[in-house]
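Residue numbers (our numbering): 1234 to 1525.
All C-beta atoms in this analysis are idealised placements derived from N, C-alpha and C, irrespective of residue type, glycine included.
Data block below; observations after.
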């Protein structure tokens, strides 16, 4: 952004995960053009923002200045709720096609939806000034894009069911899970706090072992660009980096939380979670109570 002369400022959420409306109001000035909202939690053990909460924030911002553009990073949230941020006032929503809306079939790409004038501007920046959407590579994968989008609601449903199963299982073992087994869901991500690096590693090893690709590989924490600590990632996926497929990752720092997501089918998501627990048990990191 700096290369284009764009400045950036951030207003952190409050401790309870809600918007700091006063802080947002104070941060907006005459130069402010766009407000960006990240729906999902990222590597934070905070609640994911619901569409209703996003709607309230958008209304607040528009009350300050109706001309401000509001863009929502919708990653991991698509098809989880009955409505999307674009239905509650967001001028643009953006996301990845190798997450929810690609349905596990899209091999690459992202999407931008919203006001036609803003999409036109994006197209000019993405391709050629003056030509915009009239040019650009299809990459020869239009069928996968369209078929994946068609399959996406079913795939997201499976991923959400897998996340609920994970929450209930690890909650019963005494771990803090975000969200818990009964809370409403606004994305596909399930966080589990371990407060132990070995448990985080073992969990990821189990997920990798349950993967359809590279199940023989052992994930290890490693230095990655853009992160302030080592990160471990488990993802034996058909599409590289497709976190709508079974995957788990987390930064190697307190609270040593793992972020589990995906599963093209519920049985596979469930199998992955069971394998994560199996790996932790094999290492003596957790005791599985007997069921009478």
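Please state if the CB of residue 1341 and the CB of residue 1331 are separated by a distance shorter than 8 Å.
-> Sequence index remark: in the chain shown, residue 1331 carries index 98 (1-based). Sequence index remark: in the chain shown, residue 1341 carries index 108 (1-based). Yes, Cβ-Cβ distance for residue 1331 and residue 1341 is below 8 Å.
Between the C-alpha atoms of residue 1427 and residue 1433, what's the straight-line distance to the nearest angstrom?
-> Numbered from its first residue, the chain shown carries residue 1427 at position 194. Numbered from its first residue, the chain shown carries residue 1433 at position 200. Each residue's alpha carbon lies about 7 Å from the other.
Cβ-Cβ separation, residue 1374 to residue 1313 (assumed contact under 8 Å), whole Å | Residue mapping note: residue 1313 aligns to position 80 of the chain shown, counting from 1. Residue mapping note: residue 1374 aligns to position 141 of the chain shown, counting from 1. In fact, because the Cβ distance is near 25 Å, the residues do not count as touching under 8 Å.
Identify whether residue 1437 lies in helix, strand or coil by the three-state DSSP scheme.
-> In the chain shown, the residue the question calls residue 1437 occupies position 204. Residue 1437 falls in the helix class under three-state DSSP.
Can you tell me whether DSSP reads residue 1428 as helix, strand or coil?
-> Stepping through the chain shown from its first residue, residue 1428 is reached at position 195. Of the three classes helix, strand and coil, the one that applies to residue 1428 here is coil, per DSSP.
Could you spell out the range, first to last residue, of the beta strand (DSSP E) harbouring residue 1346?
-> Indexing the chain shown from 1 puts residue 1346 at position 113. Counting along the chain, the beta strand (DSSP E) containing residue 1346 begins and ends at 1343 to 1347.
Put residue 1460 into one of helix, strand or coil per three-state DSSP.
-> Here residue 1460 refers to the residue found at position 227 when the chain shown is read from its first residue. Looking at residue 1460 - three-state DSSP - the assignment turns out to be coil, as it is neither helix nor strand.
Thinking C-alpha only, which one of 1481, 1485 and 1477 is nearest residue 1498?
-> What you label residue 1498 is simply residue 265 of the chain shown in a count that begins at 1. The shortest C-alpha separation from residue 1498 is found at 1477.
Pick helix, strand or coil for residue 1253, following the three-state DSSP scheme.
-> Translated into the one-based positions of the chain shown, residue 1253 becomes position 20. Residue state, collapsed to three classes: coil.
Where does residue 1482 sit, in a helix, a strand or coil, going by DSSP?
-> Mapped onto the chain shown, residue 1482 falls at position 249. In this structure, residue 1482 counts as strand in the three-state DSSP scheme.
What are the start and end residues of each continuous alpha helix (DSSP H) run of 4 or more residues lying completely inside the stretch 1339 to 1423, in chain order?
-> Listed in chain order, the complete alpha helix (DSSP H) runs (minimum 4 residues) inside the stretch 1339 to 1423 are 1349 to 1359 and 1375 to 1405.
Can you name, in chain order, every residue of its own chain whose Cβ lies under 8 Å from the Cβ of residue 1511, other than the five neighbours on each side?
-> Within the chain shown, numbered from 1, the residue matching residue 1511 stands at position 278. Within its own chain, the residues whose Cβ lies closer than 8 Å to the Cβ of residue 1511, once the five positions on either side in sequence are excluded, are 1439, listed in chain order.
Examine the Cβ distances between the stretch 1461 to 1478 and the stretch 1401 to 1419 and report whether three or more of them are shorter than 8 Å.
-> The answer is no - the stretch 1401 to 1419 does not touch the stretch 1461 to 1478, with fewer than three Cβ pairs under 8 Å.
Would the beta-carbon of residue 1327 fall within 8 Å of that of residue 1300?
-> The residue given as residue 1327 occupies position 94 in the chain shown. The residue given as residue 1300 occupies position 67 in the chain shown. No, Cβ-Cβ distance for residue 1327 and residue 1300 is not below 8 Å.
Reduced DSSP category for residue 1306 - H, G, I as helix; E, B as strand; rest coil = The sequence position of residue 1306 within the chain shown is 73, counting from 1. It is a strand residue.
Alpha-carbon spacing of residue 1461 relative to residue 1277, whole angstroms = Stepping through the chain shown from its first residue, residue 1461 is reached at position 228. Stepping through the chain shown from its first residue, residue 1277 is reached at position 44. Their backbone Cα atoms lie some 13 Å apart in a straight line.
Limits of the unbroken beta strand (DSSP E) element including residue 1471 | Taking the chain shown and counting its residues from 1, the one referred to as residue 1471 is at position 238. Element bounds for residue 1471: n/a, residue is neither H nor E.
Assuming residue 1411 and residue 1500 form a contact by the criterion Cβ under 8 Å, report the distance between their Cβ atoms to the nearest whole angstrom.
-> On the chain shown, residue 1411 is found 178 positions in, with the first residue counted as 1. On the chain shown, residue 1500 is found 267 positions in, with the first residue counted as 1. Contact doesn't hold; Cβ gap of about 24 Å is too wide.
Express the C-alpha separation of residue 1318 and residue 1288 in angstroms, rounding to a whole number.
-> Position 55 of the chain shown, counting from 1, holds the residue named residue 1288. Position 85 of the chain shown, counting from 1, holds the residue named residue 1318. Going from the Cα of residue 1288 to the Cα of residue 1318 covers about 7 Å.
If we call anything under 8 Å between Cβ atoms a contact, is residue 1493 one with residue 1441?
-> Your numbering for residue 1493 matches position 260 in the chain shown. Your numbering for residue 1441 matches position 208 in the chain shown. No; because the gap between Cβ atoms is not below 8 Å, this pair is not in contact.
State buried or exposed for residue 1502, treating a residue as buried only when at least 16 other CB atoms are found within 10 Å of its CB.
-> Working through the chain shown from its first residue, we reach residue 1502 at position 269. Buried, because 16 or more other Cβ atoms sit within 10 Å of the Cβ of residue 1502.
Contact under 8 Å by Cβ, residue 1339 with residue 1496 | Taking the chain shown and counting its residues from 1, the one referred to as residue 1339 is at position 106. Taking the chain shown and counting its residues from 1, the one referred to as residue 1496 is at position 263. A distance of 8 Å or more separates the beta carbons of residue 1339 and residue 1496.
Figure out for me which residue from 1431, 1394 and 1361 has the closest Cα to the Cα of residue 1415.
-> In the chain shown, residue 1415 corresponds to position 182, counting from 1. The shortest C-alpha separation from residue 1415 is found at 1394.
What residues in its chain sit with their C-beta under 8 Å from that of residue 1518, if we drop five residues either side in the sequence?
-> Within the chain shown, numbered from 1, the residue matching residue 1518 stands at position 285. Cβ within range, chain order: 1429, 1431, 1432 and 1435.
Whose C-alpha, out of 1240, 1417 and 1409, is nearest the C-alpha of residue 1286?
-> As a first step, residue 1286 is located in the chain shown; it is residue number 53 there, counting from the start. Relative to the Cα of residue 1286, the nearest Cα in the group 1240, 1417 and 1409 belongs to 1417.
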